[in-house]
Each structure stands twice: as C-alpha cells, then as structure tokens.
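Beneath this line is the structure, given in structure tokens, with notes to follow.
Laid out in structure tokens, this is it:
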C-alpha cells in the first residue's frame with residue numbers, strides 16, 4: 001500500500017517541544033543510529049509522516065543525571081549510545097487507516113490516510129495505542145513444534161534488527177535540531193518499536209529464520 005499525508009506537499013507532523021539540551025542529545029543519538037544504518041538523512045520529499053522523537057535518559061533520577069549542552073557536545077558517540085535511547089512516538093501513524101483509492105484515480109489499490117481526512121460517513125473506530133508485545137513475549141508464544149531444536153538468534157536489537165523496505169521509510173520520519181540550530185530530517189530504516197504492525201512483521205521474520213534452521 002502507498003501512503004499520503006494530510007495535505008499535499010506537507011508531511012503530517014507534530015510540533016517540537018523540547019529544551020535545547022534535549023534537542024542536542026536527540027540529534028547526537030540519531031547520528032549514532034544513522035552510523036549503525038538504523039536511520040538515514042532524508043529530504044522533505046521523503047518525509048511523509050514526521051513523528052515525534054522520545055528521548056530516554058538511562059541515568060534519569062540519579063545524582064549525576066543533570067547535563068548541560070556543553071556536556072552533550074563533548075560526549076563521544078559511545079557515551080551518547082550508552083547514556084541515551086531514542087524511540088519514535090508512533091501514535092499518530094497508528095491512527096492512520098487503509099482505505100480504497102477514490103475517483104478519479106483509476107489505478108485501484110489502497111492508501112494510508114489520517115483519520116481526520118476520512119469522511120465522517122466512512123470512519124471506523126480505531127484505538128490509538130503505542131503499547132504492543134515485545135520480542136521476548138512473542139517468542140514465548142512460539143508453537144512447541146518449533147522448540148524441538150536449538151538455534152542461536154541475536155535479539156540484542158530485537159525489532160531494529162529487521163530492515164524495512166525503503167517504500168516504508170517515509171512513514172517513519174522525524175526531525176532533529178543540531179548544536180548549530182539547523183533542522184535535520186531523518187527516516188527510520190529498521191522495524192520501529194511502537195508501530196502496530198511491528199510484532200506481526202517481527203514474528204514472520206523470526207519464523208522464517210527458525211523454519212530455515214529446522215530444515216537445515
């Protein structure tokens with residue numbers, strides 16, 4: 001399926017509401033993720049849905065949790081990765097619905113549309129949620145027939161170890177502001193935590209790996 005934003009030429013997005021220290025920390029962490037091939041710099045045309053970035057400070061609440069802009073800028077990439085984690089807030093994307101293309105488009109097929117774009121007569125109730133099963137809980141539900149052999153699977157990155165088709169990248173765009181105040185756009189290139197379809201896709205990928213191991 002293809003996707004479209006609420007208004008042509010303008011990606012669906014939310015406002016940035018962060019202090020400068022957090023903005024710089026988010027940008028640094030996204031740069032690290034880009035070096036790991038989990039994100040990629042993007043253009044405005046490539047950003048269809050811009051999602052808010054959620055920054056998690058692993059030392060939040062500790063006595064040394066306070067950081068200044070200078071502290072963030074002086075930290076190495078390894079320190080940034082060890083200190084922070086970033087996820088995308090995909091509740092806006094999860095609210096999108098798949099609907100048939102309307103006339104005069106005669107190509108058929110479906111498009112992803114924001115709920116606010118759908119006529120009231122065709123709207124269906126859709127629960128907006130960010131919660132979902134994690135990788136470990138999914139594997140615990142695996143059929144017993146698939147547990148009769150042993151295979152080692154690296155789940156250190158869980159969902160983010162699954163790479164997305166580039167047609168889906170525009171749905172997982174985000175923006176950051178660097179230390180010089182320049183706004184940057186990114187797209188996520190791996191399966192993101194929080195998307196409603198991530199557990200299904202992850203299950204299929206792991207299932208394929210386990211099936212191949214069983215045959216071998």
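In UniProt numbering, the protein residues as written are 1 to 216. Each residue gets a CB set at the ideal place from its N, CA and C atoms; glycine is no exception. Please read these numbers as outputs of a predicted model, since none were measured by experiment.
Within a Cβ cutoff of 6 Å, which residues of the same chain sit near residue i, ignoring the five residues on either side of it in sequence?
{"i": "residue 77", "result": "32"}
{"i": "residue 193", "result": "87, 159"}
{"i": "residue 211", "result": "none"}
{"i": "residue 179", "result": "24, 73"}
{"i": "residue 30", "result": "39, 176, 186"}
{"i": "residue 81", "result": "32"}
{"i": "residue 182", "result": "none"}
{"i": "residue 280", "result": "The question about residue 280 has no answer here: the residues shown for the chain are numbered 1 through 216."}
Under 7 Å Cβ to Cβ from residue i, same chain only, skipping five residues before and after it: list those, please.
{"i": "residue 21", "result": "67, 68, 69, 72"}
{"i": "residue 113", "result": "4, 96, 97, 99"}
{"i": "residue 85", "result": "56, 58"}
{"i": "residue 189", "result": "37, 38, 39, 40, 163, 164, 169"}
{"i": "residue 7", "result": "Per-residue confidence for residue 7 stands at a pLDDT of 32, beneath the threshold of 50, marking its modelled position as unreliable; the derived number appears in the next sentence. Contacts found: none."}
{"i": "residue 42", "result": "173, 185, 186, 187"}
{"i": "residue 128", "result": "Residue placement at residue 128 is flagged as unreliable, the pLDDT there being 48, under the threshold of 50; a coordinate-derived value is accordingly withheld."}
{"i": "residue 205", "result": "162"}
How close, in whole Å, do the beta carbons of residue i and residue j come, if the pair is a contact with beta carbons under 8 Å?
{"i": "residue 195", "j": "residue 90", "result": "5 Å"}
{"i": "residue 59", "j": "residue 83", "result": "6 Å"}
{"i": "residue 26", "j": "residue 53", "result": "5 Å"}
{"i": "residue 92", "j": "residue 35", "result": "Wrong, their Cβ atoms sit about 27 Å apart, outside the cutoff."}
Please list, in chain order, all residues of the same chain as residue i whose beta carbon is under 8 Å from its beta carbon, the five residues on each side excluded.
{"i": "residue 46", "result": "169, 170, 173, 185, 187"}
{"i": "residue 217", "result": "With the chain represented from 1 up to 216, any question about residue 217 goes unanswered, as that position is not in the structure."}
{"i": "residue 19", "result": "none"}
{"i": "residue 65", "result": "57, 59"}
{"i": "residue 166", "result": "189"}
I'd like to confirm the pairing. Which residues does DSSP put opposite residue i in its beta bridges?
{"i": "residue 186", "result": "41, 174"}
{"i": "residue 85", "result": "56"}
{"i": "residue 163", "result": "190"}
{"i": "residue 69", "result": "Paired residues: none, contrary to the question."}
Would residue i pass as an interface residue toward chain B - the criterion being a Cβ-Cβ separation below 9 Å?
{"i": "residue 209", "result": "In the structure shown, chain B does not exist; there is a single protein chain."}
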